[in-house]
Amino acid sequence: MVQVVMPSKTVDTDPKLLRALKADSETLQEISDNFTPLIKQFRAYLFWEQEKTSLGVTLDYVRPFLSRVVTESLAAPILDNTDRAGLRADHANICKFVSRNAPRYRLVVLTMIRYSLDAPSTIS
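Quick note on the numbering used here: the sequence shown kicks off at 336 and runs consecutively.
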């Protein structure tokens, strides 16, 4: 009956994937644990999503399943040699900008310009 009412894309969502994408999941924690030692070798600006992402509908409650796929603590751990900022977007839209005048776009572009100008002295 559910398949008649709801699109199959929503119904067929892989529960393992949904669990892996939940905030504080073991999978995301493992990724973060492996990422943190690597990022210390670089100068980085870390961004995180501030909006929850719709991950479809859970059939047990038949309600939207919203989550921050990558939380601030996972996406932007407080580390030496890093800068951090939250972007008002969900996981699916964090790298999509409505225009060049969008505040998120300006922040990302200005950061890239600053880092590229600093790169020669940072590398040498």
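No residue lacks a Cβ here, since even glycine has one placed at the ideal position from N, Cα and C.
Since this is a predicted model, take the numbers as computed values, not measurements.
Collapsing the DSSP output to three states places residue 382 in a strand.
In the DSSP assignment, no residue is bridged to residue 445. Distance from the CA of residue 365 to the CA of residue 371, rounded to the nearest whole angstrom, comes to 10 Å.
Relative to the Cα of residue 417, the nearest Cα in the group 409, 424 and 381 belongs to 381.
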